[in-house]
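For the sequence shown, the working numbering begins at -8 and goes up steadily by one.
The C-beta atom is built at its ideal place from N, Cα and C for all residues, glycine as well.
Quick caveat, the model's predicted, so the values are computed rather than measured.
Have a look at the structure below, then the notes.
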Amino acid sequence: MVIARMFLLLLLVFLAAASVAVSAAPLAAVEITTEAYVQRLIQATRTAWPALAGFNHATRIFADIRLVVSDGRRAFVMGMREGQEVEMAKVRALGVSHEYQRYRRIAWEGRPAIFVGLGETVPERERQRLQDPKALPELFALATHEAFHFHVEAAWLRLPGAQRSIAYPASAEPRLLRNRIIRQLLAAARGQPEGLARASYWYRRWLDEHAEEAVRLRQVDRSEGSARHVETVAGLLARGVRLGSAEWSESMLEALTRQAQEDYLAPDLESYVLGDLAGYLLERQGVDWLPRVARGETPLAILLEPVAPVVAPADERMERRIRKAVAAANHQAAQALEPFVQRFHDPAGGRLLVPNRALPDSFEMGDSYHLAMQPGTIEVGVRAGFVLGDGRIDLHAATVATQLTSACGREDLYWILALAPTELEKTADGRLRVERADLSLDIPYPQRAAGESRNWCVAA
């Protein structure tokens, strides 16, 4: 769940331009102020979340969830029947970041809640998009998606062996199979008679030929696939579309088509659209699937396991595109991974272990990789801020490792920063300071970890 957040932030930005709309009176082509943005957000939340609470037993908690937002000067709370400004002091006391799209699970007056930062001003691309009076604020989709993770998924059975990282170097074969499943599920959603049977064929091929990946992705297929579908449903509800109507089917198919026509190169990104498609098709069959997902099944398995497979023809043009794109992605990944791995294993260098509990808010990340000879996972393009008792660490599109370990005396997820020998020097005042393009660091000098001379432990 921790690492899932970064992918989501990047994906939601991409989808925002094509997001579903909310019913509203036409607005003149004027600047969208923060207050106007908040009013659009309140309207979407008050319209969608009450209906979402009645959508499924699993989503009933949306009747109680509150969304709190702030730009650092003013703060607002909204939910099923409310939407108003609140005292800024109460939000400051939470210690949250007001940076745009930063979010955190909180409680608000005893209710489950989520905080999302508004930023100092509404971003230009968002202001332009919202010139369409029917467009939804992208923070609505983000808040709904993450609230599902925080307040619905939190009670689910957790599966062992779950990861969402990409094997490096990546193979095109599993990506081809999962993209073929996506295309056939879209065909089924459009009414093609053999769509499900052909999807079942590619699904069983993927299970048989890439069993290890299937195990690793079970959790993310459950988590992100379900959250994405609930996000899509909320978008239609915010627009005032009536569940089960002809407009609902048309709007849902439009939203699914936008996603399913893309080529996906990362397995976790496939999870979003696979879950959205499977959720819609299961609901069309009258299957109450979310409780089964909570108990450990994936949306894809619930949909396709009962379906006898029919051999499906391969799309050769898609195959050529994906093979070419995977090769290019491997080349690009090497530019970030190989220097990091070299520095990580440098016997004269050091590794700084930063506990995840020092990361108070959400963060952004590009891709996540696992290498055969490398412990843990390597994260690329990380933007995050770690707040310590006496210091701070900021990552600026950095490449780092993450690993669940007890190396510093307490089991935690640790972010591992690889430092060159010259970066390990202690200052005269007993601190460690590093300033480079991808890292800003000023902390009390760390303690060496027991059992590994190159590991240094940062106190949270």
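Below 8 angstroms on the Cβ atoms is my guess for residue i versus residue j; work out the distance and round it to an integer in Å.
i    : j    : result
D358 : A257 : 6 angstroms
L247 : L133 : With a Cβ gap of about 20 angstroms, L247 and L133 do not count as contacting.
G287 : V206 : Actually they do not touch by this definition, with Cβ atoms about 12 angstroms apart.
L430 : A389 : 6 angstroms
P346 : V449 : 7 angstroms
Y263 : M243 : With 8 angstroms as the limit, Y263 and M243 do not qualify as a contact, their Cβ atoms being about 15 angstroms apart.
D254 : I172 : The Cβ separation is near 13 angstroms, so there is no contact.
S240 : P290 : Actually they do not touch by this definition, with Cβ atoms about 19 angstroms apart.
I56  : G70  : 6 angstroms
D259 : E200 : About 19 angstroms; that fails the 8 angstroms criterion.
E355 : R334 : The pair is not a contact, with the Cβ atoms about 22 angstroms apart (cut-off 8 angstroms).
A285 : W147 : 5 angstroms
H89  : R219 : Between R219 and H89 the Cβ distance is about 26 angstroms, and since that is not below 8 angstroms, they are no contact.
What residue range is occupied by the uninterrupted alpha helix (DSSP H) comprising residue i?
i    : result
E241 : 237 to 251
L148 : No alpha helix (DSSP H) holds L148; DSSP gives it neither H nor E.
N321 : 307 to 335
I434 : I434 -> not in any alpha helix (DSSP H); beta strand (DSSP E) instead, spanning 430 to 435.
Select from the options the residue whose C-alpha is nearest the C-alpha of residue i.
i    : options                : result
I97  : H387, V68, Y192, A320  : V68
L127 : L228, V345, A392       : L228
K125 : S397, A35, V301        : A35
I434 : R445, A339, E414       : E414
A299 : S191, D212, L244       : S191
A163 : R230, E204, V301       : E204
R169 : E402, T289, R196, G382 : R196
P366 : I407, A375, M356       : I407
R95  : S353, R181, D403       : S353
Y91  : Y28, G74, A44, G45     : Y28
E508 : H89, A324, A66, G400   : The structure shown has nothing for residue 508, since the chain only spans -8 to 451.
D123 : V378, T38, R31         : R31
E115 : E22, A180, P160        : E22
Y159 : I33, A320, A375        : A320
R149 : Q250, R213, R118       : R213
T112 : P282, R64, S156, I157  : R64
L455 : P41, F46, T38, G231    : The chain is shown from -8 up to 451; residue 455 falls before or after that span and cannot be answered.
Would you kindly work out how many angstroms separate the C-alpha atoms of residue i and residue j, rounded to a whole number?
i     : j    : result
L268  : S61  : 34 angstroms
K315  : G442 : 44 angstroms
A(-5) : E426 : Note that A(-5) has pLDDT 40, beneath the 50 cutoff, so the model's placement of it is unreliable and the number below is only indicative. For A(-5) and E426, the distance between alpha carbons rounds to 28 angstroms.
G110  : L121 : 16 angstroms
R383  : A339 : 25 angstroms
A202  : L208 : 10 angstroms
V13   : H361 : Here the model assigns V13 a pLDDT of 40, short of 50, so the residue's position is not dependable, and the following value carries that caveat. For V13 and H361, the distance between alpha carbons rounds to 41 angstroms.
A349  : G380 : 9 angstroms
Q175  : R166 : 14 angstroms
T25   : E245 : 30 angstroms
R439  : S397 : 13 angstroms
Q394  : E402 : 10 angstroms
V278  : V211 : 21 angstroms
P17   : L130 : Residue placement at P17 is poorly supported in this model, since its pLDDT is 48, which falls under 50; the coordinates still yield a value, given next. Approximately 20 angstroms between the Cα atoms of the pair.
Y436  : K417 : 7 angstroms
A138  : A49  : 13 angstroms
C399  : A392 : 16 angstroms
S444  : A411 : 14 angstroms
Q75   : P351 : 26 angstroms
A318  : E261 : 18 angstroms
E73   : Y405 : 39 angstroms
L423  : W447 : 11 angstroms
A324  : E117 : 30 angstroms
A303  : R155 : 27 angstroms
R275  : V221 : 15 angstroms
A409  : D420 : 23 angstroms
Q119  : W193 : 41 angstroms
Under 8 angstroms between C-beta atoms, does residue i make it to chain C?
i    : result
S242 : The displayed structure is made up of one protein chain only, and chain C is not part of it.
Along the chain, where does the beta strand (DSSP E) containing residue i start, and where does it finish?
i    : result
R383 : 382 to 396
V345 : 341 to 346
A375 : 368 to 379
H48  : That residue, H48, is in no beta strand (DSSP E); it is neither H nor E in DSSP.
W99  : 94 to 99
H361 : 359 to 361
P103 : 102 to 108
Practice task
Indicate whether the contact test is met: 3 or more Cβ pairs, each with one atom in the segment 185 to 192 and one in the segment 289 to 296, closer than 8 angstroms.
Solution key: yes
Handout entry: Three or more C-beta pairs below 8 angstroms linking the segment 368 to 377 and the segment 301 to 309
Key = no
Handout entry: Three-pair Cβ contact test at 8 angstroms for the segment 89 to 109 versus the segment 136 to 146
Key = yes
Handout entry: Contact between the segment 83 to 90 and the segment 324 to 336 (3+ Cβ pairs under 8 angstroms)
Key = no
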